[in-house]
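In my numbering, the protein residues as written are 33 to 623.
Following: one structure in structure tokens, then a few remarks.
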């Protein structure tokens, strides 16, 4: 029942039924009332006509047996007559049923009917009298008193009453016909109301089904607009709405996908906040950054962002102003820009763009350090060249031996400057990607053993034991640029010999490991402090004690070695224990 009432069809159907039922009910009541009055009037007219006939018969002649027979034939079915004289004595009685005497007594004793004796007009009255069919019942009778003007020159009256069963029978039959007609009308109205409401609401039901399909994302469904009325126009507008909705949704999806791709591809962290400082949206870089911050802070806090960012965000949300700041956290530098987001004239949140400036700071520091180191490296030989040259020009030296020594120093310093400039040019060329390799397929053991043995005399002069080991077979080969790899190995072996004390050991090992030629250069020198290990491959970096000017290094060899190995698609790393020794390892792919 609830389902029918909650539908448009049910509401229209019930509304029409209620309206028609009310109309039929009122019509039936009025019709029954009308028919009831009509039957009473007809009965009254019939009684008047019959009474007039009886009165005319009595006016012309005295009653006889033949007269009584004629009058009995004149009386309609269910009608009774009683003719009395002025003394209220019955002259003629034509009654049917039971209680005839009681009915006659009631009629003759009624004061209103007595006026018929002296009146010229008939009197009609409804009376409650004993039933003619049941001695213990009371019925309503329609009684007519009609005066007689000539009967032995005496006034009298004709009293007629109709049996209520006849009147009631006619009323019941009429009521049955009316009720049957109302029932048929109700049934037909129900059928046509349901049919009409179904026809009217059929397009509406289709629209409802199509609307549910649209809600599920099926925008290709359409409604057949076969009507030209308002519902047909509504169906046409609904189809247009579906097409427009599909187009708008596609545009929104395209813009959303485009925005998602932009946010995903951005190297900066992007975070969108609500007005209550909760995070609504973040790109992968921002999620990674928040994860790093959370790990660095530990489990002591539930906030995904540092307090500094929340303070900046509160400032933007309160003052509705754009904010650009830089802050440092855990030895990392960040640049943050927070801008408010508006919905009309009211602020609905903010968007923060965070850029990791740590690498820029490091590069800036490297650039300044590079300039300072180059200036420092060049200032000393230039000063020496200038000083010794002035000494020679001013003829400060007096012996040829001193002059020769000064000239030798000038020559060594000029070579040092030339080597420094050459290494700087090589390093710049490598880092810019302009270094060209000339790779050849060469035997592994022959190449690395030759380079190692080149330092045998240098090792003997420093009283250092130089060793070479390899697990490669003599026929195995590797494709590489021999000159560049020799430059790497020369730098590593030379550094190892120069920083290994007398009676120390420098070993070169070639190991075949997972399709890589792993080259290890180990020494038993003073080692490198752990805090200096991450920076040994930087330009001009020299660890304390282990990298002094007395050793003759420029601070560029390891940086050059790293670039050469990287160009060969290899890796290089260092492991060291202070006062025990250092091991440099670089790996080159065999294939």
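All residues carry an ideal CB built from backbone N, CA and C; glycine is no exception.
From a predicted model like this one, the values you see are computed outputs, not experimental measurements.
Test item: CB-CB of residue i and residue j under 8 Å
| i | j | result |
| --- | --- | --- |
| residue 9 | residue 559 | Residue numbering for the chain in the displayed model covers 33 to 623; residue 9 lies beyond these limits and cannot be assessed. |
| residue 335 | residue 359 | no |
| residue 176 | residue 83 | yes |
| residue 285 | residue 302 | no |
| residue 387 | residue 252 | no |
| residue 415 | residue 390 | no |
| residue 179 | residue 149 | yes |
| residue 76 | residue 156 | yes |
Simplified DSSP assignment, three categories, for residue i
| i | result |
| --- | --- |
| residue 442 | helix |
| residue 470 | coil |
| residue 249 | coil |
| residue 486 | coil |
| residue 162 | strand |
| residue 577 | With a pLDDT of 43 at residue 577, under the threshold of 50, the modelled position of this residue cannot be trusted, and the question is left open. |
| residue 534 | coil |
| residue 479 | helix |
| residue 419 | helix |
| residue 437 | helix |
| residue 360 | strand |
Cutoff 6 Å; reference residue i; Cβ partners in own chain excluding five residues on either side
| i | result |
| --- | --- |
| residue 260 | none |
| residue 304 | 312, 313, 383 |
| residue 604 | 594, 597, 618 |
| residue 24 | The question about residue 24 has no answer here: the residues shown for the chain are numbered 33 through 623. |
| residue 524 | 553, 616 |
| residue 589 | 523 |
| residue 348 | 355, 370, 372, 382 |
Own chain, CB closer than 8 Å to residue i, minus 5 neighbours either side, in chain order
| i | result |
| --- | --- |
| residue 135 | 112, 127, 161, 162, 164, 173, 193 |
| residue 478 | 506 |
| residue 488 | 498 |
| residue 535 | 495, 496, 497 |
| residue 491 | 497, 498, 529, 538 |
| residue 274 | 242, 246, 251, 253, 254 |
Per-residue burial, residue i [other beta carbons within 10 Å of its own, 16 or more giving buried]
| i | result |
| --- | --- |
| residue 133 | exposed |
| residue 322 | buried |
| residue 269 | exposed |
| residue 601 | exposed |
| residue 431 | exposed |
| residue 484 | buried |
| residue 281 | exposed |
| residue 45 | buried |
| residue 577 | Residue confidence is low: residue 577 scores 43 on pLDDT, short of 50, so the model does not pin down where it sits. Its coordinate-derived value is still stated next. Answer is exposed; the Cβ neighbour count stays below 16. |
| residue 546 | exposed |
| residue 131 | buried |
| residue 327 | exposed |
Cβ neighbours of residue i in the same chain (closer than 7 Å, five flanking residues each side left out)
| i | result |
| --- | --- |
| residue 361 | 338 |
| residue 287 | none |
| residue 514 | 472, 474, 479 |
| residue 189 | 116, 148, 149, 177, 178, 179, 180 |
| residue 296 | 315, 316 |
Enclosing alpha helix (DSSP H) for residue i [first to last residue]
| i | result |
| --- | --- |
| residue 273 | 262–297 |
| residue 339 | 339–351 |
| residue 188 | Element bounds for residue 188: not the alpha helix (DSSP H) but the beta strand (DSSP E), 188–194. |
| residue 589 | 589–599 |
| residue 550 | No alpha helix (DSSP H) holds residue 550; the beta strand (DSSP E) holding it covers 548–555. |
Range of the contiguous beta strand (DSSP E) that encloses residue i
| i | result |
| --- | --- |
| residue 373 | 364–375 |
| residue 311 | 311–314 |
| residue 511 | 509–512 |
| residue 174 | 170–180 |
Residue i at chain B interface by Cβ criterion, 8 Å
| i | result |
| --- | --- |
| residue 208 | Among the chains of the structure shown, chain B does not appear; only one protein chain is present. |
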